[in-house]
Amino acid sequence: MRILSLFGGKSRRNVRRPGGSSGGHALPDEPFATDLRSNLDKLGKLFPDTLDLTVRRLQIRATGEDAALVYIDGLTDKIDIHTGIIRPLLMETGASGELPIEIGRMVRIYGWNDLTVAVLKGSSVLLVEGSDEAIVMRTGGWPQRDPTDPKMETSLRGAQMGFVETIEQNVAMIRRYLPDRELKFKNFNVGRRGNTQVSIAYLEDVANPDILRELEDRIGRLDIDLIINTGELAELIEDNPYSPFPQLIITERPDAAVSQIAQGRFAVLVDRSPTVLIGPASFVSFFQNIDDYSTRWSIATFIRMLRFLAFFISISLPAFYIAVTSFNFELVPIKLLITIGTYRGTVPFAPFIEAAFMELTLEMIREAGVRLPSPIGQTVGIVGGIVIGQAIVQAGLISNIMVVVVAFTAISSFILPNLDMVAAVRIIRFSLMAAASLFGIFGLLLGLMILVGHMISLETLGTPFSTPFAPMRFSDWRDTVVRSPLWKLTRRPLGAHPVQTRRQGDNRRKGDG
Amino acid sequence: MKRIARKLGVALLSLGPLTGCYDRVDLEDASLSLVAGVDITEDHRTMSYTSIPVFSKAEKKSQELKVVANTQRQGRGKLDAFTVGSFNGRKIKVIALSKRFVQETPDWFRYMDIYFRDGRNPITPRVILFDGKLDQLFFYHSPSQPMLPLMLMGMIKSASDRSESVATTLQELHRQMNEEGQTPFLTQMSIKQDAMIDGTSLLDHQGRYVDMLSMPETVLLRVLQKKTGESVGFTLRLPPGLTGSSGEADWVSISTERVKVKIGSAYAGGRFKFSVHVRFSASVVEKLSSLDLDDHQREAELACAEELRDKFEALIGKLQQKKVDPVGFGIYARAYHYQRFKQVKDNWGEAFGQADVQIRVSVAFADEGSVK
Amino acid sequence: MKKYAFNEITTMQFIFIISGIAISYGFIEIPQVLYKGAGNSGWIVLILGSLTTMAANLVIVQAMKRMPDGTILDLLAKYAGRWVGKAAAILLSAYFLYFAYTGIVYSTRVIKARILQETPAYMTLIMLLIPAYVVARGGIRIIGRYAELSMGLSLWIPLVFAVVWKHTHWLYLLPVLPDGWRPVWNAVPSTFFYFLGFGSTAFLYPFLKNKEKAALGVCCAQLITLSAYLFITLLSFAFFSPGELTKINQLSIYMLKAVELPFVEQVEGLFIVLYLFIFSMSWIPPFQLSAFCLSWFADRADHRMTLRIILAGTAVFSYFYVPGFNTSYEMGDWLEKMGILVEYAAPVLLLGYLLLYDAVRGRRRPS
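Chains as they are written, first to last, in our numbering: chain A, 1 to 513; chain B, 1001 to 1372; chain C, 2001 to 2367.
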């Protein structure tokens, strides 16, 4: 079933869905003619000016029939085609009625739409004289790379293998971790032109069927040209695209994906994209990292706390600085206040301008560093460091304290393990700065209240985003701000509403052991 | 639909130009008064003093000003004319009152009203009574000292940490002024060779200056108030009969480890009776005589206790004579003899003056140090 | 059929909503009220007041048991006719709106007096409406989460007040009952105001997941309220000298002004803004309930439209007029009178009516 749907057209879902895979070529699914010549004419009309379309005429030795093999040059594995199809067809004298083809995956199709999709996705199609069916052979062999270590989510102890651009390989990576019959993949084709294969991976006896239905429904309803990357899919299916918070985790690590699947969540794999979408995500899950579970629990707990602290600091520290320097300086102890005052005394800008300027500079340096090739990227860092650290302060444009604040904010935001959350933090930080510049500490708190109000109202795939804090689920707290010892995590977190909650038995050795 | 939540920044920003930022005063634009002072002129008009830190590359780190004004608030208005930034009292750390102001202004405490009424003003500044004209204090510059507010704060803190001075905050003063069973007390300072703490000023219920306690007496007061710091030290003279030496070698210094004060109260014969039992557990830190503490520990302890009791009795006698009760015996009286206290609550000082106060002191040496 | 399925609240949320609404500004005001009423034995009054409230609250739960899947309005409509329900909806909507408005005005005034002195009060008030909308929009379920979170985020409050400890004089609490029991009894009704808000039980009940725990939840909620009040009352009584207690407004805030921490000075500013989470419990749930009643009156399932109307109305009204501190206290007095009627007296009458109704029905049926 899974293989079938790879070729499009036959999937139940595709039939049902309006504007499905073949919608781009608005043809009714026309059956093949029995005459090979007219079929080839038709093929020529369907694919005009297609340089890489190869049509190989040949005579099948076993049956003596004329046939044509159709495939696209660049998308197929030539060795497969030559040794697995063409040579046996030309050489073998088939004893049985079977065609002597040495390819594992073969499917018969009956219409032009299926042929188009198959050919365009890298399969070879054999049309035989006198037959109104065609044989599709899986000979995909497009350019692809080997799995390398994940670039963005490096891990100290985890596997050094990241997802790649081919969904089959990604599926294989997940299966390697979970050789379990209950691991299911639900497939969809998304995009009229892109016809991208998307599949939802989950554990059937653990994951919640209601959430699955919701997810299926959202993906199934998409009517779009093309999906290039996982991020696009995430934006299309998430609950509240206006929220600053990411509501689905995007990961490039198979081990991270599998660990989430094992907790009863869903992973959405998108063909051609080296990242996987995981949902439903809660606020806390953006602070978890696969390394947390492979380091000792005490240090993992410490790092967790550090991350939450860092999150709080990086959203509110510049705003707090603005609030205390231009509204509420009574909060600052007197000696510190005099120090700040001495530095601020020579700065010509108001604290908000100062802070906004420095934060923007920081964002620019960061953005410059991301896109530039790494040798130049380092130069940017050095220039940025010198410009911020030295020149600006010496020129009296920005106060020393502000530089400290910015540096502290930046470091804090680097601690957060998830890039999408860091992006959210940046947006929130600027909003809070604006609020603080209007109402001081009251503005800052007002902003935080709105943020909290928004967070508790936010839902991802119908589950609360702010779990396990609101609604409070104390049993889930074991893997939030603290990371309890693994033997304590006997139940799956309730955040994803798993139908089977027991995760493990008692693994703690008793007695003197 | 949910735009308000998500576009918080945008919403606030668009409101921003509409509304302006009313409360914004940038730190460097504010003239933060750190020390406030009140004095009176010869013709009994009040004068406001202030000390403001200067946030610039100027040589002088603070600016000191004085104006004549009817109220503190009016004084602020006048001070504003002298300062670069807008005058601001939200960070006052020390309030200095001149002795003359306290002596000659009836009901002077009402001048402090602004600190309590204005919700943004602090109520934690230390209140000191300055013996002399405030000009001396505010325009005094010692090259070896930090700026005025830091200097005052540092002095008060170190002295009160050693229990040699009180550190009455404005709120504490407010509590004492509104307390029937206790009279107020303030840190008293003066400038002799350099700025120095003299001891503790005692005020009566109306806030009039009555007398002062020296720093050693203040230590005893703080013991009775159960407000001693980490440890207090006493240097006591042992009787010659015990030490066997004569004259200068009789001194012994002890440092307390634990002080327990128990105050019992009773009412009999038309007056209150208080029995105070002070127990010190102390270590010997200095001993000039050759007295062997191993052999004569008990005697030495008793001698110390006696010496201390004399000191306490002298202190109580002084307080009773002046009819002030900074210890707060009245609070005990109210708690345990409410009906009796109610009769004298409007003039507790008087009643305390007639009260019978018994003092018992016991001393136990916990440690005699590392040499015999 | 369950009318309010998918919108359930847990028992803990139920508890926190009820005690959150009550505590909000009672925490700031109650020590003084108690002292004025009964001197330094005011804390005894508190316990009596709390017990009375618990009883009144249990009466509501008892009445609501007849209508596990509907609010008090549905109950009234069923037992007393549709139009009684509608009238009650309007009255309760007005009551909760007034409740919320009093709360938000009080908070605005505190902020205006202590943090944003120059900013016009209407602006502060309108700003406070934004989080109110964000939270109340989500319905009872989100309010429940908010209550949980804001109580959780406020657990630091006792810790901060612990710093006040070294300034306390516990002898101030003696003598107990200096003037006998009479002032204590007389002062009990004055505490009712600070327990108001438990009327929300009548609306929360159908949303509650475990209805059999409602009575337990109500008791817990009142105990939480009581312990918060006892804590702050005893602390203020020990902190302030008797002469001060009547002279100072907002004792709880003032107390923190006496605190200096090594890293923050003037803690009370920070306290007030952080306390907004609790303050907001006095207006966010009532705004929501007001909108709920109004939409029930209009037979609309979605309360968001009415909520928007109510909040926008409040904003526009506030633009022209925001009551001063003294007016806000007067408003509180009115609210107290209404509250005693609505939350203490009415449920008893209602329960009486229901019992009578059943008795009459019960007698008629066999005949």
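Note that CB positions come from ideal geometry on N, CA and C, so glycine has one too.
ask   = How far does the alpha helix (DSSP H) with C/P2131 in it reach, from first residue to last?
value = Numbered from its first residue, the third sequence carries residue 2131 of chain C at position 131. Run containing C/P2131: A2121 to A2136, per the alpha helix (DSSP H) assignment.
query = Which residues of chain A have a Cβ atom closer than 7 Å to the Cβ of B/F1055, listed in chain order?
reply = As a position in the second sequence, residue 1055 of chain B is number 55, starting the count at 1. In chain order: G341, T342, R344 and G345.
query = Is the Cβ of C/Q2266 closer than 7 Å to any Cβ of chain A?
reply = In the third sequence, residue 2266 of chain C corresponds to position 266, counting from 1. It does; some Cβ of chain A falls within 7 Å.
query = Measuring CA to CA, which of B/G1330, B/T1256, B/M1177 and B/D1029 is closest to B/S1283?
reply = Working through the second sequence from its first residue, we reach residue 1283 of chain B at position 283. Checked all of B/G1330, B/T1256, B/M1177 and B/D1029; the closest Cα to B/S1283 is B/T1256.
key: 7 Å Cβ cutoff, C/P2131 in contact with chain A   = As a first step, residue 2131 of chain C must be located in the third sequence, where it is residue number 131. Chain A contact via Cβ: present.
task = Grab me the residues of C/P2237's own chain with a C-beta within less than 8 Å of its C-beta, minus the 5 sequence neighbours each way, in chain order.
result = Position 237 of the third sequence, counted from the start, is the residue given in the question as residue 2237 of chain C. As written in the sequence, residue 2237 of chain C is Phe, which differs from the Pro given in the question. Around C/F2237: P2031, Y2035, N2040, G2042, W2043, Y2172, L2173 and L2245.
key: Helix, strand or coil at B/F1280 [DSSP, three-state]   = Locating residue 1280 of chain B in the second sequence gives position 280, counting from the first residue. The answer is strand: DSSP assigns B/F1280 an E or B state.
task = Could you name the residues of chain A that B/D1118 contacts, counting a contact when the two beta carbons are closer than 8 Å?
result = Position 118 of the second sequence, counted from the first residue, corresponds to residue 1118 of chain B. The contacting residues do not exist; B/D1118 stays about 12 Å from chain A at best.
task = With C/L2274 as the anchor, note down where its alpha helix (DSSP H) starts and where it stops.
result = Position 274 of the third sequence, counting from 1, holds the residue named residue 2274 of chain C. It spans V2267 to F2279 - the alpha helix (DSSP H) in which C/L2274 sits, taken as one unbroken run.
ask   = Going along the chain, which unbroken runs of the alpha helix (DSSP H) with 4 or more residues stay wholly within the stretch 1298–1337 of chain B?
value = 1329–1336
request  = From the DSSP output, in three-state form, read off B/K1060 for me.
outcome  = Position 60 of the second sequence, counted from the start, is the residue given in the question as residue 1060 of chain B. It is coil, neither helix nor strand.
key: A/D506 burial status per 10 Å Cβ neighbour count (16 or more: buried)   = Against the first sequence, residue 506 of chain A aligns to sequence position 506. The residue is exposed, with fewer than 16 neighbouring Cβ atoms inside 10 Å.
query = In this structure, does DSSP put A/S11 in helix, strand or coil?
reply = Sequence index remark: in the first sequence, residue 11 of chain A carries index 11 (1-based). Because the pLDDT of A/S11 is 35, which lies under 50, any placement of that residue in the model is unreliable, and the number read from its coordinates should be weighed accordingly. In the structure shown, A/S11 sits in coil (DSSP, three-state: anything other than H, G, I, E or B).
ask   = Hey, is A/A356's beta-carbon within less than 7 Å of any beta-carbon in chain B?
value = The residue given as residue 356 of chain A occupies position 356 in the first sequence. A/A356 does not count as touching chain B.
task = Would you mind stating whether A/G369 and A/G381 have Cβ atoms separated by less than 7 Å?
result = The residue labelled residue 369 of chain A in the question sits at position 369 within the first sequence. The residue labelled residue 381 of chain A in the question sits at position 381 within the first sequence. In contact: A/G369 and A/G381 (Cβ atoms closer than 7 Å).
ask   = Is there a Cβ from chain E that is less than 7 Å from the Cβ of B/N1178?
value = Note that chain E does not occur in the displayed structure, where the protein chains are A, B and C.
ask   = Within the 7 Å Cβ cut-off, does B/L1397 reach chain A?
value = Outside the displayed span of chain B (1001 to 1372) sits residue 1397 of chain B, for which this structure offers no information.
Where C/V2135 meets chain A, residues with beta-carbon distance less than 8 Å = Your numbering for residue 2135 of chain C matches position 135 in the third sequence. Near C/V2135 (Cβ distances below 8 Å), the residues of chain A are G453, I456 and S457.
Chain-ordered neighbours of B/P1122 on chain A, where CB pairs are closer than 7 Å = Position 122 of the second sequence, counted from the start, is the residue given in the question as residue 1122 of chain B. Here the neighbours are E330.
query = Which residues in the same chain have their Cβ closer than 8 Å to the Cβ of C/P2154, if we skip the five residues on either side of it in sequence?
reply = Along the third sequence, read from residue 1 onward, the residue named residue 2154 of chain C stands at position 154. Correcting the residue identity first, residue 2154 of chain C is Ser in this sequence and not Pro. The answer, listed in chain order, is L2274, Y2275, F2277 and I2278.
inquiry  = Rounded to whole angstroms, what is the Cα-Cα separation between C/G2197 and B/S1062?
reply    = Counting from one through the third sequence, the residue named residue 2197 of chain C turns up at place 197. Counting from one through the second sequence, the residue named residue 1062 of chain B turns up at place 62. Each residue's alpha carbon lies about 53 Å from the other.
request  = Measuring alpha carbon to alpha carbon, tell me which of C/L2350, C/I2126 and C/L2091 ends up nearest C/V2061.
outcome  = Translated into the one-based positions of the third sequence, residue 2061 of chain C becomes position 61. Ranking the options by Cα distance to C/V2061, first place goes to C/L2350.
key: chain A within 7 Å of C/S2110, Cβ atoms only   = Taking the first residue of the third sequence as 1, we reach residue 2110 of chain C at position 110. In the sequence under discussion, the amino acid at residue 2110 of chain C is Val, which differs from the Ser named in the question. C/V2110 does not count as touching chain A.
query = Of all Cβ atoms in chain B, is any one closer than 7 Å to the Cβ of A/F349?
reply = Position 349 of the first sequence, counted from the first residue, corresponds to residue 349 of chain A. A/F349 does not count as touching chain B.
key: Any alpha helix (DSSP H) of 4 or more consecutive residues that is wholly inside the stretch 2019–2081 of chain C   = 2042–2064 and 2072–2080
query = Assuming B/V1261 and B/V1223 make a contact with CB atoms under 8 Å, what is their CB distance in whole Å?
reply = Taking the second sequence and counting its residues from 1, one reaches residue 1261 of chain B at position 261. Taking the second sequence and counting its residues from 1, one reaches residue 1223 of chain B at position 223. About 6 Å; that satisfies the 8 Å criterion.
From C/L2159, C/L2354 and C/E2268, residue whose alpha carbon lies closest to that of C/A2228 = The residue given as residue 2228 of chain C occupies position 228 in the third sequence. C/A2228 has its Cα closest to that of C/L2159, out of C/L2159, C/L2354 and C/E2268.
Sheet register partners of C/Y2319 (DSSP bridge) = As a first step, residue 2319 of chain C is located in the third sequence; it is residue number 319 there, counting from the start. Bridge partners of C/Y2319: none, in fact.
task = Would you be able to state if there are at least three C-beta pairs under 8 Å between the stretch 329–349 of chain A and the stretch 1042–1061 of chain B?
result = yes
query = How would you label B/S1163, buried or exposed, when you count the other beta carbons within 10 angstroms and need 16 or more for buried?
reply = The residue labelled residue 1163 of chain B in the question sits at position 163 within the second sequence. Under this definition B/S1163 is a buried residue.
inquiry  = Can you check whether the C-beta of B/I1263 is within less than 7 Å of a C-beta belonging to chain C?
reply    = Position 263 of the second sequence holds residue 1263 of chain B. Output row for B/I1263: interface = no.
query = Taking the alpha carbon of A/E232 as the point to measure from, which residue in A/A310, A/G194, A/R366 and A/T63 has its own alpha carbon closest?
reply = Within the first sequence, numbered from 1, the residue matching residue 232 of chain A stands at position 232. The shortest Cα separation from A/E232 among A/A310, A/G194, A/R366 and A/T63 belongs to A/G194.
query = A/N208 by DSSP, collapsed to three states: which one?
reply = On the first sequence, residue 208 of chain A is found 208 positions in, with the first residue counted as 1. Residue state, collapsed to three classes: coil.
query = To which residues does DSSP link A/P244 through a beta bridge?
reply = Counting from 1 along the first sequence, the entry for residue 244 of chain A is found at position 244. A/P244 pairs with nothing; no bridge assigned.
request  = Count the other CB atoms, across all protein chains shown, that sit within 10 Å of the CB of B/K1091; report buried if there are 16 or more and exposed otherwise.
outcome  = Here the question's residue 1091 of chain B lines up with position 91 in the second sequence. Per the 10 Å Cβ criterion, buried.
message = Using the three-state DSSP reduction, which class does A/S22 fall into: helix, strand or coil?
response = The sequence position of residue 22 of chain A within the first sequence is 22, counting from 1. With a pLDDT of 39 at A/S22, under the threshold of 50, the predicted position of this residue should be treated as unreliable, though the coordinate-derived value follows. The answer is helix: DSSP assigns A/S22 an H, G or I state.
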